[in-house]
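Going by the UniProt record's numbering, 174 is the number at position 174 of the sequence shown; the sequence numbering is gapless.
Down below is the structure, laid out as structure tokens.
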Amino acid sequence: MTLRYKTLLKKTLFICIGLAALTAQAATKPSRIASFGAGGSNTFSVKSTSWRDPAFGNMGWTHNSDWGSFTASAGKSKTITLTSTVAGFHPGVTVWYRGTDDTAPDNYVVDHFYPQGGNFVEFGAKDETSGIGIGNISMQIVSFGYDQDGHTLKPGLNGLTDRISGKMTLTFKTAKAGNYIFVVGGFNPSAKVSKTAKHTVAVNVK
1 MTLRYKTLLK KTLFICIGLA ALTAQAATKP SRIASFGAGG SNTFSVKSTS WRDPAFGNMG
61 WTHNSDWGSF TASAGKSKTI TLTSTVAGFH PGVTVWYRGT DDTAPDNYVV DHFYPQGGNF
121 VEFGAKDETS GIGIGNISMQ IVSFGYDQDG HTLKPGLNGL TDRISGKMTL TFKTAKAGNY
181 IFVVGGFNPS AKVSKTAKHT VAVNVK
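Here you go:
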């Protein structure tokens, strides 16, 4: 077997494995998705690396993060403020739009992990427990960012500064009317912050 043939075979196997992993994923339900209506406040509980975990391919953890939703008209300016009182904890947030292409119930998301800065889509999604089809999940990225105060900038992740470590404000415009979903988690904590315990984050949407 030539080196070229071996290389081609390996690439083919990697592609097949990747496709198998994609087709094997099944939709999951976060433990809750807090409804903010057009705006409001709530307290979330998240782990310190749940928004982006280097030990998990730099993906976010669906069930170690906390979730919210809100409604908005087109062209509306929205602001999400996250505040943690835990020294060394840095929150992050990602917002998606669930439009007409999203036919699945809004209490489902694609998988047990999520991308911080990209679309989150699965056509022909199935419930992970029953295997029953639930429709299409189409979560289109709107905005994202993290609290950069207190640590170095991570390129491509929209580090936000306000000179207050543990607090961040994300402001964006809603291009379309309808339902929006967002996830809050922790990112790049200091060494003294527990990675196994959940930490409270005050969330305000307006």
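The beta carbon of each residue, even a glycine, is placed where N, CA and C say it ideally should be.
It should be emphasised that the depicted structure is a prediction, and the values quoted were computed from it without experimental measurement.
Buried/exposed call for residue i, threshold 16 Cβ in 10 Å
i	result
K192	exposed
I80	buried
P189	buried
S194	exposed
S35	exposed
G57	exposed
T94	buried
D102	buried
R32	exposed
S130	exposed
A104	buried
Closest Cα partner of residue i within the set the options
i	options	result
A55	F187, T200, H199 and A202	F187
residue 211	D106, P155, G159 and E128	A question about residue 211 goes unanswered here, because the residues of the chain that appear run from 1 up to 206.
K47	V203, K198 and A202	K198
G150	I164, V142 and L157	I164
Per DSSP, the bridge partner or partners of residue i
i	result
R98	M139 and N179
P32	A quick correction: the sequence has Arg, not Pro, at residue 32. BP columns for R32 are empty, so no partner.
Neighbourhood of residue i by C-beta, 7 Å cutoff - its chain only, sequence neighbours within 5 removed
i	result
K176	A74, Y97 and G99
Sequence-distant residues of its chain with Cβ nearer than 8 Å to residue i (five each side left out)
i	result
K126	A26, A27, I132, G133 and I134
A38	F70, T71 and A72
V142	V95, W96, Y97, F172, T174, A175 and Y180
Residues of its chain near residue i, where Cβ-Cβ distance is below 6 Å and the 5 sequence neighbours each way are ignored
i	result
F70	F36, Y180 and V205
N64	K47 and S50
V121	S138
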